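Step one of this worksheet: look at the structure below.
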Amino acid sequence: MKIKVDQSKCIGCGACVSIASKSFKLKEVGDRYKSQPIEPVGDDIKTIKGAVNCCPVKAISLEDL
Ligand code: SF4
């Protein structure tokens, strides 16, 4: 599984990081923060899907490899 974060949608709220901290990290981009997937993912699928569902701007998508 591969996580994708749409950088143009992400508002850097940190919700995904607080839910699945082994699979997402916040990265400073200019004067704001954006979520970046960690590879390989460190959380189980249920936790990652929880992060996907809590994203307020639906910036996270999952791809099966
Ligand atoms: Fe970005 Fe969504 Fe994660 Fe918030 S929950 S940091 S908007 S990807």
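Just so we're aligned, residue 18 is where the sequence shown starts under the numbering used here, counting upward by one.
From the three backbone atoms N, C-alpha and C, an ideal C-beta is built for every residue, glycine too.
Just so you know, these numbers come straight off a predicted model, no measurement behind them.
Can we count residue i as close to the ligand SF4, meaning its CB is less than 7 angstroms from some heavy atom?
{"i": "Val-74", "result": "yes"}
{"i": "Ala-32", "result": "yes"}
{"i": "Ser-52", "result": "yes"}
{"i": "Ile-28", "result": "yes"}
{"i": "Val-46", "result": "no"}
{"i": "Val-58", "result": "no"}
In this structure, does DSSP put residue i in helix, strand or coil?
{"i": "Val-22", "result": "strand"}
{"i": "Ser-35", "result": "helix"}
{"i": "Leu-82", "result": "coil"}
Along the chain, where does the alpha helix (DSSP H) that runs through residue i open and close?
{"i": "Ile-65", "result": "62-71"}
Taking 8 angstroms as the threshold (beta carbon to beta carbon), is residue i in contact with chain B?
{"i": "Glu-45", "result": "In the displayed structure, chain B is absent; only one protein chain is listed."}
According to DSSP, residue i sits in a beta bridge with which residue or residues?
{"i": "Val-46", "result": "Arg-49"}
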